[in-house]
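Number of protein chains: 4
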Amino acid sequence: MNIKPYYELFEEIYERVNADNEGNVAAYIPELAKIDPEKFGVYISTVDCDKSSCIGFGDYQESFSIQSIVKVLSLVLAIKSGEKLWDRVGVEPSGSSFNSLVQLEFERGIPRNPFINAGAIVIADILLNTLTNPEQEFIQFVRSLCGNQNINYDLTIAKSEKKHGYRNAALVNMMKSYGNIRHNPEDTLDFYFKICSIKMTCEEIAKTFLFLANEGINPLNGQEIITKRQNQRVNAVMQLCGFYNEAGEFAFRVGLPAKSGVGGGIIAIHPKQYSLAVWSPRLNEKGNSYRGFRFLEEFTTETSSIF
Amino acid sequence: MNIKPYYELFEEIYERVNADNEGNVAAYIPELAKIDPEKFGVYISTVDCDKSSCIGFGDYQESFSIQSIVKVLSLVLAIKSGEKLWDRVGVEPSGSSFNSLVQLEFERGIPRNPFINAGAIVIADILLNTLTNPEQEFIQFVRSLCGNQNINYDLTIAKSEKKHGYRNAALVNMMKSYGNIRHNPEDTLDFYFKICSIKMTCEEIAKTFLFLANEGINPLNGQEIITKRQNQRVNAVMQLCGFYNEAGEFAFRVGLPAKSGVGGGIIAIHPKQYSLAVWSPRLNEKGNSYRGFRFLEEFTTETSSIF
Amino acid sequence: MNIKPYYELFEEIYERVNADNEGNVAAYIPELAKIDPEKFGVYISTVDCDKSSCIGFGDYQESFSIQSIVKVLSLVLAIKSGEKLWDRVGVEPSGSSFNSLVQLEFERGIPRNPFINAGAIVIADILLNTLTNPEQEFIQFVRSLCGNQNINYDLTIAKSEKKHGYRNAALVNMMKSYGNIRHNPEDTLDFYFKICSIKMTCEEIAKTFLFLANEGINPLNGQEIITKRQNQRVNAVMQLCGFYNEAGEFAFRVGLPAKSGVGGGIIAIHPKQYSLAVWSPRLNEKGNSYRGFRFLEEFTTETSSIF
Amino acid sequence: MNIKPYYELFEEIYERVNADNEGNVAAYIPELAKIDPEKFGVYISTVDCDKSSCIGFGDYQESFSIQSIVKVLSLVLAIKSGEKLWDRVGVEPSGSSFNSLVQLEFERGIPRNPFINAGAIVIADILLNTLTNPEQEFIQFVRSLCGNQNINYDLTIAKSEKKHGYRNAALVNMMKSYGNIRHNPEDTLDFYFKICSIKMTCEEIAKTFLFLANEGINPLNGQEIITKRQNQRVNAVMQLCGFYNEAGEFAFRVGLPAKSGVGGGIIAIHPKQYSLAVWSPRLNEKGNSYRGFRFLEEFTTETSSIF
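Residue numbers (our numbering), protein chains in the order written: chain L, 91 to 397; chain D, 91 to 397; chain R, 91 to 397; chain U, 91 to 397.
Structure follows, in structure tokens:
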């Protein structure tokens, strides 16, 4: 679908949201706190995936730390491996904040879903099994999805996360005590922090996640990443669990499967239509990108007759 | 849309699911336990709402206790009243079972969403305020949506619920202690049990809820029940919270906003397309109709090219 | 033991503590909030129980609402009845505030001990079984212990408690839902509020509880109230659970089995030596009598060579 | 006090309890599981501390892993240091099992008391600050209390604990995330596991802890270990928190300040009278030495007229 004719409409939404600067940059690790809070990028790619079907605004070609957005990719890679994973992690919304230990103790080390930290750590632990050379294969997977060999980990971010990641260390050790972590907790955590540190631009993210809008097939090259059925599962988990304890609000105001990261990025999927990546480091009270959320709300509302 | 041509396809699914008799009838009150477990009815009504757009199978003209399905109607009526309600009840999935008190204590008497029991009791308490003659006006609202003056409460069921409703009594008193119930707890509870006792057939339910598939407008008479925006909110809450702690599984396998009741009924909404009511009293382990869930899964999968 | 020679020492402590007016009167029910906050009474009775072995100071002959202090007496009466009770209520400190529902849900309706509200409600429910005419027999039990036929319930207090007792209503209904309440929840609650409303003076309380300092035998008349072993159990429960979540602090500063009430009363037991009742309505942050606690601390410290 | 005349009485109790072999050896680390379950030693030392005031039975001269019993010594050493500690750890019973994370999250990283694992880890963290050469000074402190230079850590046990100590790793990291751990979590944990691994005999334990029965003064040499007031605090914490969630039962059946370890040891203090160490590796369901508990119960009951 040629979306160029809508350029002005999209731009208008971009400008309107750009003028709004509520929210605060995540400050729990120094590396993230350094980001310019005014950054704001948007990239939309429809599943046709040719030049006329993509539009970017603002800082859409600037790399940032994708953080929790990566949890979707690690889930996809774990599913791809064929490894049994749904007895080690659930698919239900957690009703708690992203790093709560309480629920984990009541449910004896089985995280509610793969997008809260505990769940994503279990997925990382699974990948350590299924991949021969985890760090290399993981980044290669992302690069091939995106068609860009330059995507990489940011070791400074990973190191900084590790230095302040006591809560995640508590989570991984607790799950280990329940037998739900197979590797040395520190190794699992190192791998988890590493993949969260990947840096990408909005354009790269939108392209990388486009297969989720295309029933599991990468429209860039026709390759099946996961089956249609598996793709449906990933989108369902994003729909219900992608926004932590703001999932209900997001479902109401946006209504798309999506995943946010503490770096200010959000990827949203409109099945059979498009993927949309947005980045703005100011976060709302629930830890999701303020402008990102607002852009998605206005965009989906004003384009409901287009898509 | 004329769905008669698909009659055989739908019937085939009905027969296939009908042959499967897993699950058990709810037995927590004697009145519900009396139901014939083999009952199975389905009714689909598209938004065109003429004769060619509706199909029923099996026991679709037999009345049953709609139970928690009514929570959607009471929410709609509370929204309609214009009363502020979102500071008294949330919109997020609870991550706990439908009648947990733990979360309620941590969140100081504010239920997570209007579909867990605590939330529905708060909505009942709001309706006691906004309606002059609550019981009469409520049933009249349902009758007018459905276009059938014979729909009514089942006082035996309501009485039986009350007699065994200690957990709900705990919930209402706890919320009262936090100031989130305005009326006498017993009065609020009586009204809540009353509206849960309404008996309807699949056909009546599908017709009653059709406006939710039609952006808030009753297609039978063109009347706006709630605004398009309000309708979106109701559907979003159903999407995330309609199946208690099986919401993630339901989103994956069915993917529609829906609400189940312990009587074995489910209403599902396909926005802009149809409403579908299904009834079978055998419940799965999470307390949702076993056949109802399975029928919806197979129906949505096999009709994905039609709707 | 003749304690008259120590009169001046005791009086000095009384005066010192009386000069300190920290804390606030309980205000959760209007009836309690009306009390003059400056009231302060103390009564000590050794187990010899003759005139030379008793001393009172200040308002020790003024009646007040004994509230939770009664929980010891109801426990004693339940134990006396021979009814099995330790499978319906535990003997361990709760680690939570006196009216928490969370622990109760985790432990499926079995209260941690008989002195948190839930536990005392279970004991009240047991007494409704074991007593033929509960209200009359209970007050008669207290009167006979004290040797005073004028002790009575305060119906205004009981009514006021009931009117505001939503949290206790939540507790009783929740336990009923777990099958740990045998009677109608309202009847059990009515009886519980009634016995909490008893009014007594410090002198009467000290005399009534003297048997607990005397291995279960009422020294006034030589009558065995409970066995030595049962008496030990009651004192152990008081020691660990009598001060809710201030038990550790009380054990350190006072070190005696004791029970406080929200009306500002405290009964403390020095086994084989004395019972000591103190009353001052100003409460500390944990809900225990500020002056009462301080008096007990200074008294036990300064009399450690006497008793 | 010369207790030799009571030798036969004590022996009779020892023999009676020795014939009872309920309970199971702790098996969570291989090193502890290797112990001969039939071991049973007892040593009583009165505060007079001469030859006539001490009696031992059975395996009282055999070393075993004192485990959590050491928590009392580390608390004493932390108190001695003058370091402020009561804002980093509470003094109230926890009402949960010894290694629960739930309460710790609700109370934002402040453990309930110094005897649950989380609290003892905080104390270890404090000692890393107050001691110049922690491992050496700690063992030296124990040696000097006991008057035996051969007491030492068991590095095999410490290593085995660390290898399986994921739950403790979760606790320390969680507290670190709340700012309640000053050192590297791994360092704190290493020190904690080290001190828990100390091996001592019943005789050595009884002598080491005798100062707690003597108002803080080591009766062996008249040295003040802690003040009378500090000693009172330590005993009060033992009284309420020394037996985890069996504290109420222990208070009823034994009634002394005491501390148990998972290796099967218990130290009990009768203020102004004696210290009593008992060891038997079979544990009851709550994780306390079965024979140890029973011996203490029968001993205190049958000697109530002696002490």
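Note that beta-carbon positions come from the ideal geometry of N, C-alpha and C, so glycine has one too. From a predicted model like this one, the values you see are computed outputs, not experimental measurements.
Item: In whole angstroms, what separates the C-alpha of Ser135/D from that of Trp369/L?; Value: 42 angstroms
Item: Could you tell me the alpha carbon to alpha carbon distance between Gln329/R and Gly338/R, rounded to whole angstroms?; Value: 9 angstroms
Item: Taking all protein chains shown into account, decide if Asp280/R is buried (16 or more other Cβ within 10 angstroms of its Cβ) or exposed.; Value: buried
Item: Give the C-beta separation of Phe147/R and Val132/R to the nearest angstrom, bearing in mind that I take them to be a contact with Cβ-Cβ under 8 angstroms.; Value: 4 angstroms
Item: Quick one: using the 10 Å Cβ neighbour count with 16 as the cut-off for buried, is Asp244/U buried or exposed?; Value: buried
Item: What in chain U is Cβ-close to Lys266/L, meaning under 7 angstroms?; Value: Tyr256
Item: Name the DSSP beta bridge partners of Phe154/L, please?; Value: Met290/L
Item: Can you tell me whether DSSP reads Ile271/U as helix, strand or coil?; Value: coil
Item: I need the straight-line Cα distance from Tyr282/R to Ser164/R, nearest angstrom please.; Value: 9 angstroms
Item: Going by alpha carbons, who is nearest to Asp140/D out of Phe340/D, Pro309/D and Val352/D?; Value: Pro309/D
Item: State yes or no: is the C-beta of Phe385/L within less than 9 angstroms of the C-beta of Ile93/L?; Value: no
Item: At a CB-CB cut-off below 7 angstroms, which residues of chain R make contact with Arg323/U?; Value: Phe342
Item: May I have a chain-ordered list of the beta strand (DSSP E) segments no shorter than 3 residues that lie completely inside the segment 316-373 of chain L?; Value: 348-350, 355-360 and 364-369
Item: Would Ser365/U and Ala303/U qualify as a contact pair, given that the criterion is a beta-carbon distance under 9 angstroms?; Value: yes
Item: Rounded C-beta distance between Asp277/R and Leu218/R? I'm assuming under 8 angstroms.; Value: 7 angstroms
Item: Which full runs of the alpha helix (DSSP H) of 4+ residues lie inside the segment 188-241 of chain L, going along the chain?; Value: 192-196, 207-220 and 224-236
Item: Residues of chain R with a CB under 7 angstroms from the CB of Ala123/D: which are they?; Value: None at all; the shortest Cβ gap to chain R is about 18 angstroms.
Item: Quick check: the Cα distance between Glu195/R and Gln193/L, rounded to an integer number of angstroms?; Value: 15 angstroms
Item: Rounded to a whole number of angstroms, what is the C-alpha to C-alpha distance between Val212/U and Asn114/U?; Value: 30 angstroms
Item: Does the segment 260-274 of chain R come close enough to the segment 312-326 of chain R that 3 or more CB-CB pairs lie under 8 angstroms?; Value: no
Item: Distance check for Thr246/L and Gly345/U, CA to CA, integer angstroms please.; Value: 57 angstroms
Item: Please identify, using Cβ separations under 9 angstroms, the residues of the segment 260-287 of chain L that lie next to chain U, in order along the chain.; Value: Ala260, Leu261, Val262, Asn263, Met264, Met265, Lys266, Ser267, Tyr268, Ile271 and Pro275
Item: Have a look at Val232/D and Asn378/D and give me their C-alpha separation to the nearest angstrom.; Value: 23 angstroms
Item: When you check each C-beta in the segment 302-331 of chain D against every C-beta of chain B, which residues fall closer than 8 angstroms?; Value: Judged by its chain identifiers, the structure shown contains no chain B, and its protein chains are L, D, R and U.
Item: What residue does the alpha helix (DSSP H) around Gly382/D start on, and which one ends it?; Value: Tyr380 to Glu392
Item: From which residue to which residue does the alpha helix (DSSP H) around Tyr97/U run?; Value: Tyr97 to Asn108
Item: Just verifying my parser: in three-state terms, what is the DSSP assignment at Asn114/R?; Value: strand
Item: May I ask which residues mark the beginning and end of the alpha helix (DSSP H) holding Ile169/D?; Value: Val160 to Lys170
Item: What are the boundary residues of the beta strand (DSSP E) that includes Ser142/R?; Value: Ser142/R -> no beta strand (DSSP E), and no H or E assigned at all.
Item: Name, please, each residue of chain L whose Cβ falls closer than 8 angstroms to the Cβ of Ala337/D.; Value: Glu182, Pro183 and Leu330
Item: Do the segment 196-207 of chain R and the segment 196-206 of chain D touch if we need at least three Cβ pairs shorter than 8 angstroms?; Value: no
Item: So, is Pro183/U buried or exposed, given that buried needs 16 or more other C-beta atoms within 10 angstroms?; Value: buried
Item: My output table needs one value for Glu128/R: the three-state DSSP class, helix, strand or coil.; Value: coil
Item: Let me see if you follow: with CB-CB separation under 9 angstroms, is Gly354/L close to chain D or not?; Value: no
Item: Can you list, in chain order, the residues of its chain with a C-beta nearer than 7 angstroms to that of Gly351/L? Leave out the 5 residues immediately preceding and following it.; Value: Ile156, Gln157, Ser158 and Ile159
Item: Looking at the C-beta of Gly345/L, does it have a partner C-beta in chain D at a distance below 9 angstroms?; Value: yes
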